[in-house]
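Visitor:
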Amino acid sequence: MAENILEMKNIVKQFPGVLANDHVTFTVEKGEVHTLLGENGAGKSTLMNILYGLYSPTSGEIWLHGEKVDIHSPRVAIEHGIGMVHQHFMLIPALTVIENVVLGMAQNKQILDLDKAADEIVALAKKYNMKVEPYQMVENLTVGEQQRLEILKALYRGADLLILDEPTAVLTPQEVDELFKMIRLLTSEGHTVIFISHKLNEVMTISNRITVLRGGKSCETVLKGNTDKHQLAKLMVGREIDLQRVEGLPDLGEIVLEMKKVECMSDKGVKALKGLSLEVRKGEILGIAGVDGNGQDEMLECISGLRKVTSGTITIAGTDSTNEHPRNILARGVAHIPADRHKRGMISQMSIKENLMLIDYYKEPFSKNHLLDWKVIEDASKRMVKAFNVKTPSIETMGGSLSGGNQQKMVLARELDRDPEFLIAAHPVRGLDIGATEYVRERLLEERKKGAGILLVSTELEEIMTLSDRIAVIYEGEIMGVVDVYDATVAELGLMMAGSRKVELDATTY
Amino acid sequence: MEILTSIASFIAADFRTATPLILAGMGLVFSSRAGIVNIGVEGMMLVGALAGVAGSWWFGSAWYGALFAMAMASIISLIFAYLSVTVKADQIVIGAAINILGLGLTTTFARTLFGLNTAPPAIDSFSIIAIPVLSQIPFIGQAFFRQNALVYLAIILVPIASFIMFKTDIGLKVRAVGEHPKACDTVGINVYLVRYITILVSGLFSGLAGAYVSLGLLSFFTENMVAGRGFMALAAVVFGKYSPKGILLAGLVFGAAEAIQFRLQAAGTAIPFQFLLMLPYALTIFALAGFVGKSRAPAANAQPYEKD
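Chains as they are written, first to last, in this note's numbering: chain A, 1 to 510; chain B, 511 to 818.
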């Protein structure tokens, strides 16, 4: 048996109101790829932030190379050879690659010798079959390049234990393959990798051992050879779940959303949509797959009237809705579950009943002569809270003090209670636990059965493939192609997510 | 020949009026790059202006006055740092409060120290130093080499600040902290310490700039004598795209506006002098409104850093 490079013993982390880690024990052997598997909120990132010195544990011990250590800051972690690639990259876009690499290093001389560091980083990159341009600005790098830079940055600081926090979330399937090659190369040289994920396929591909976290507790460490996806899913969730798609084909109705050659600008003043066309029919779920930041947000803002369309047309339920006022668009039977529920979906500092009224407050019977009728509003709120299973002490509770799952149920209640004909669902289960996730998905499928057209945006391919009837892939503001879910393969979708058009792919097949 | 003489004297005047903006700007560029919007600089300069006069009066030398000014303004800057970095209060509100504090403190202390309506005591101020040989060159000598010491110092500081900002480890840390403090935390940089130090530096230099106003441009203190130069220095930082060399140029542009309005007033044009007085301020507004191309502020501008 190999030497234990890391032992975390009985780690407890208490945040105000939340016990994020509850006596977690976690042991990593030298040279292995050890996956920390768990749902969102299971405590994976917390545990790793403790190891990296960003959080201090409430209690518990960390042993590195057989010695007890006190990692009270990232600087200490780096000195101990720990490197971490965070889920949200810790790179500074306005600085160059090499400036990012040397930033904050204890070994730096007062006057920086960037040229020497640049030579070193190019050599280091070459060793791992990578290319870097040291004087390029980081903001000009692709997401994949930024991730590789983060790994290089850690290696340059002498990391031999590398923590990768959900590294695949932002990558196309092909980039994931590249990453895995690199991970294998690293471990073959004696580096150790802690891989954080909740994606079972990837976990089964890359890991030597897997430790499952559930509700802040470590439940089991298993060898990959002794387990399978179903067992892992069960460990992760705590009960049996069905990984298969159950829905049949939909009864297609008329077109409810039609976008024709739509263009718009991003906040940075560059074109975010470049002639995007698609249509959604009643009774279907159209999934939009794609790497984050390829125009998904702008597309939804154009549809809901929050962003100016510079050319092209958007038709909703047969009525031209291009650059229409958001309230008029809502009036056409559109409901919207926004990607960022705290920014767009709800107002944390308002009560549940107020949040539920955000759309209809001015209409009869909730409002008469510009005066709110609280009696009517309260009755309606109570009914909605009950119908959508929002767990709350009362309708007076602040929206912000609900759990994530219940906040999302509150948003669903407001949006779905209006019986929409067209529903926009952006990352509807992001950050939710498995129970809430299942609930939200069931409600979406129910709406579909009732005949609503649904536009589902997600960066999780698994989610798209489980729920959608058709899948459109977005890349740099254009649709690369649309496939029926039963014809879709991960490989094909992945190529489209990286910018290949479906027609080109079809042509090469024959 | 006459026209050349007046151009040379205009250039000399431009450097004189630009100097307080450049001096304060060399400190502000560090705090601004670290993500601090220090609008309290106006108040800090005012404190520096009075402390400079008081120091010169007590210790008998303009240089001691300048040092005393830097010390007093840096104390004020530490109050600003404590409130904005440690307490995480809104930088704009704190800065405004510091300005009111500076105005009140200096008005009160000036009256206590020097009394009302009395003739100002004679104090040592910064006098013109003609650089040997260079000042004898026709035109150039008159334009550039007959200034007081702080004007030369301001110009010399520009390449030094530029070097520190772009070539040293400290400069890299400062630039990074203003862009993405969290990322700095993950590589072991003490974000709070960096911000404290840069605010202290901005305090030191605004004190020096204030002393220049009272001991370089004039040789006494009058109420609210900084007259918006702190805000103009802040504008010069933005206009100069957060680089020391840019700030030098921006300072000279604003300085030129002030120098022009003096000339026009003296020449007795038909334009009412109130409009002429507006010139530097109007130019500042134009510069800030982005008429001269985009200046990119640090990404974490004015945001307190919260460790979780």
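Ideal Cβ placement from N, Cα and C applies to all residues, glycine included. These numbers were taken from a predicted model, which means no experiment stands behind them.
By the criterion of Cβ-Cβ separation under 9 Å, what are the contact partners of M90/A in chain B?
Guide: Near M90/A (Cβ distances below 9 Å), the residues of chain B are H690, K692, A693, C694, D695, T696, V697.
Visitor: With distances taken from CA atoms, which of T221/A, E279/A, G404/A, N294/A is nearest S207/A?
Guide: Of T221/A, E279/A, G404/A, N294/A, the residue nearest in Cα terms is T221/A.
Visitor: Taking the alpha-carbon positions, what's the G43/A to H230/A distance?
Guide: Distance between the alpha carbons of G43/A and H230/A: 21 Å.
Visitor: Buried or exposed for F783/B, please, with buried defined as at least 16 other CB atoms from any protein chain shown within 10 angstroms of its CB.
Guide: It counts as exposed.
Visitor: Whole angstroms are fine: how far does the CA of G750/B sit from the CA of F655/B?
Guide: For F655/B and G750/B, the distance between alpha carbons rounds to 25 Å.
Visitor: Excluding sequence positions up to five away, which residues of its chain have a Cβ less than 6 Å from the Cβ of M384/A?
Guide: Cβ within range, chain order: L356, A413, D417.
Visitor: CA-CA distance, M554/A and V490/A?
Guide: Because chain A here runs from 1 to 510, residue 554/A falls outside it and cannot be looked at.
Visitor: Secondary structure at L613/B, three-state DSSP: helix, strand or coil?
Guide: L613/B: helix per DSSP, three-state reduction.
Visitor: Against G83/A, what residues of chain B qualify as contacts under a CB-to-CB distance less than 8 Å, listed in chain order?
Guide: Ordered by position in chain B, no residue passes the 8 Å Cβ test against G83/A, which lies about 10 Å from the chain.
Visitor: Cβ of I454/A versus every heavy atom of the ligand ATP: is any distance shorter than 7 Å?
Guide: The ligand ATP is not among the ligands present in this structure, which contains no ligands whatsoever.
Visitor: I want to see whether chain B comes within less than 8 Å of E3/A, judged by CB atoms only; does it?
Guide: Not closer than 8 Å to any Cβ of chain B, the Cβ of E3/A fails to qualify, so no.
Visitor: Within the continuous beta strand (DSSP E) that includes V85/A, where are the two ends?
Guide: 82-85 is the span of the beta strand (DSSP E), which, as asked, contains V85/A.
Visitor: Below 8 Å between beta carbons: does that hold for D679/B and N108/A?
Guide: Yes, Cβ-Cβ distance for D679/B and N108/A is below 8 Å.
Visitor: Along the region 649-678 of chain B, where does the CB come closer than 7 Å to a CB of chain A? Name the residues.
Guide: So the list reads K677, T678, given in the order they occur along the chain.
Visitor: I'd like the ranges of any beta strand (DSSP E) spanning at least 3 consecutive residues and lying wholly in the region 402-478 of chain A.
Guide: Runs found: 422-426, 453-457, 470-475.
Visitor: Put K363/A into one of helix, strand or coil per three-state DSSP.
Guide: Three-state DSSP puts K363/A in coil, outside helix and strand.
Visitor: Should Q771/B go down as buried or exposed, given a rule of 16 or more other Cβ atoms within 10 Å for buried?
Guide: With 16 or more other Cβ atoms within 10 Å, it is buried.
Visitor: Taking the C-alpha atoms as reference points, what is the distance between L54/A and G625/B?
Guide: Each residue's alpha carbon lies about 56 Å from the other.
Visitor: Looking at the unbroken beta strand (DSSP E) that takes in N811/B, where does it start and where does it end?
Guide: It is not in any beta strand (DSSP E) - N811/B carries neither H nor E in the DSSP assignment.
Visitor: Going by the beta-carbon positions, is the gap between G726/B and F590/B smaller than 8 Å?
Guide: In this structure, F590/B does not lie closer than 8 Å to G726/B by Cβ.
Visitor: Grab the span of the beta strand (DSSP E) containing N294/A for me, first residue to last.
Guide: Taken as a continuous stretch (DSSP letters only), N294/A belongs to no beta strand (DSSP E), as it is neither H nor E.
Visitor: Is there a Cβ of chain A sitting closer than 8 Å to that of K751/B, yes or no?
Guide: Taking Cβ atoms only, chain A never reaches closer than 8 Å to K751/B, which makes this a no.
Visitor: Short check: CB of I471/A to CB of G287/A, under 8 Å?
Guide: Closer than 8 Å, so yes.
Visitor: If M480/A sits next to K449/A, beta carbons under 8 Å apart, how far is it from one beta carbon to the other, in whole angstroms?
Guide: Incorrect: roughly 29 Å between the Cβ atoms, too far for contact.
Visitor: Is DSSP giving K9/A helix, strand or coil here?
Guide: Strand at K9/A.
Visitor: Can A579/B and G756/B be called in contact, C-beta distance under 8 Å?
Guide: No.
Visitor: May I ask which residues mark the beginning and end of the beta strand (DSSP E) holding L36/A?
Guide: Residues 33-37.
Visitor: Taking only three categories from DSSP, how would you classify F89/A?
Guide: Looking at F89/A - three-state DSSP - the assignment turns out to be coil, as it is neither helix nor strand.
Visitor: Going by beta carbon distance, what residues of the same chain come within less than 7 Å of P167/A, once the five residues before and after it are set aside?
Guide: Contacts found: V85, Q147, L179.
Visitor: Taking the Cβ atom as the reference point for each residue, do S266/A and E298/A lie within a distance shorter than 8 Å?
Guide: Yes.
Visitor: For V411/A, tell me which candidate among I194/A, A106/A, G225/A, H342/A has the shortest Cα-Cα distance.
Guide: The residue with the shortest Cα to Cα distance from V411/A is H342/A.
Visitor: Just to confirm, is the Cβ distance from M333/A to F195/A under 8 Å?
Guide: The sequence given here places Gly at residue 333/A; Met does not occur at that position. Not a contact, by the Cβ cut-off of 8 Å.
Visitor: Could you name the residues of the region 258-279 of chain A whose beta carbon sits closer than 8 Å to any beta carbon of chain B, in the order they occur along the chain?
Guide: Against chain B - using a Cβ distance shorter than 8 Å - the region 258-279 of chain A contributes no residues.
Visitor: Is it buried or exposed, L6/A, if we count other Cβ atoms within 10 angstroms and call 16 or more buried?
Guide: By the neighbour-count rule (16 or more Cβ atoms within 10 Å), L6/A is buried.
Visitor: Based on Cα-Cα distance, which residue from L112/A, P74/A, F89/A, I316/A lies nearest to F673/B?
Guide: Here the closest residue by C-alpha is L112/A.
Visitor: Provide the residue span of the alpha helix (DSSP H) that contains A491/A, from first to last.
Guide: Taken as a continuous stretch (DSSP letters only), the alpha helix (DSSP H) holding A491/A covers 490-497.
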